[in-house]
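Residue numbers for the sequence shown follow this note's numbering, beginning at 26 and rising by one.
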Amino acid sequence: MIRAATLEDRDAIARICLLTGAQGGDATGRFGDDTVLADVYATPYLDGPGGFCLVWDEGEGAVGYVLGTSDTRAFQEWFVHEWWPTVAAGHPPRTAADAWLVPSAADPARMLIPELDAYPAHLHIDLLPEAQGRGAGRALIEAACALLATRGAPGVHLVAERANGGAQAFYPRVGFEAIASDDAAVTFARRLARPRLAE
Numbered sequence: 026m027i028r029a030a031t032l033e034d035r036d037a038i039a040r041i042c043l044l045t046g047a048q049g050g051d052a053t054g055r056f057g058d059d060t061v062l063a064d065v066y067a068t069p070y071l072d073g074p075g076g077f078c079l080v081w082d083e084g085e086g087a088v089g090y091v092l093g094t095s096d097t098r099a100f101q102e103w104f105v106h107e108w109w110p111t112v113a114a115g116h117p118p119r120t121a122a123d124a125w126l127v128p129s130a131a132d133p134a135r136m137l138i139p140e141l142d143a144y145p146a147h148l149h150i151d152l153l154p155e156a157q158g159r160g161a162g163r164a165l166i167e168a169a170c171a172l173l174a175t176r177g178a179p180g181v182h183l184v185a186e187r188a189n190g191g192a193q194a195f196y197p198r199v200g201f202e203a204i205a206s207d208d209a210a211v212t213f214a215r216r217l218a219r220p221r222l223a224e
């Protein structure tokens with residue numbers, strides 16, 4: 026049920042991002058246009074340095090994904106200087122939600138947490154409701170961590186909104202620990218073991 030994403034999955038990935046973009050719920054209509062969330066948090070990982078995307082497919086297309094990069098610094102640099110300039114004009118701020126999201130996307134330090142040397146990879150995971158509660162999230166996390174370990178990343182991190190109670194409960198169950206927090210979000214991280222070579 027887990028497979029590598031293809032370019033044909035791009036629209037499904039963007040749709041999943043939108044339908045889970047409001048603390049795990051549907052973000053349709055929250056922003057000035059319904060593509061901005063995916064352009065910030067999902068589809069760039071299909072193109073950027075160190076990017077990866079694994080999807081959960083139960084036979085009729087992707088209903089969930091885990092995506093991210095093994096090299097957050099390189100990805101941040103590419104995002105700000107190459108990716109965002111190509112899509113920013115299509116996302117003029119129109120709503121209160123846009124007023125924080127759009128400027129944050131252009132911030133060259135947005136993804137650069139203080140603990141980046143220890144946890145240079147980062148990821149995002151989203152599942153549609155029909156794929157939740159049956160082990161898909163855990164399976165995707167383990168597959169992503171295994172992939173990142175083969176790439177030599179010593180650790181991976183992610184940021185979850187405090188208001189997303191499901192995420193706050195989920196990440197500690199799959200080996201992540203909170204390493205930083207503020208009023209809005211918690212940064213979780215997990216160390217990765219390098220795969221052992223066959224003897």
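Backbone N, C-alpha and C fix where the C-beta goes; we use that ideal spot for every residue, glycine too.
For the options 203, 199, 26, the alpha carbon positioned closest to that of residue 84 is the one of 26. By the 16-neighbour rule on beta-carbons within 10 angstroms, residue 183 is buried.
A direct Cα-to-Cα measurement between residue 192 and residue 124 gives close to 24 Å.
For the pair residue 214 and residue 158, the CB atoms are not nearer than the 8 Å cut-off. Residue state for residue 153 is assigned as coil, using DSSP reduced to three classes. By the criterion of at least three beta-carbon pairs nearer than 8 Å, the segment 36-55 is not in contact with the segment 106-115. Counting the other Cβ atoms within 10 Å of the Cβ of residue 106 gives fewer than 16, which makes it exposed. Pairwise C-beta distances place the segment 164-181 out of contact with the segment 34-45, as fewer than three of them are shorter than 8 Å.
Per the DSSP secondary-structure output, residue 147 pairs in a beta bridge with 94, 182. The Cβ atoms of residue 137 and residue 101 sit closer than 8 Å to each other.
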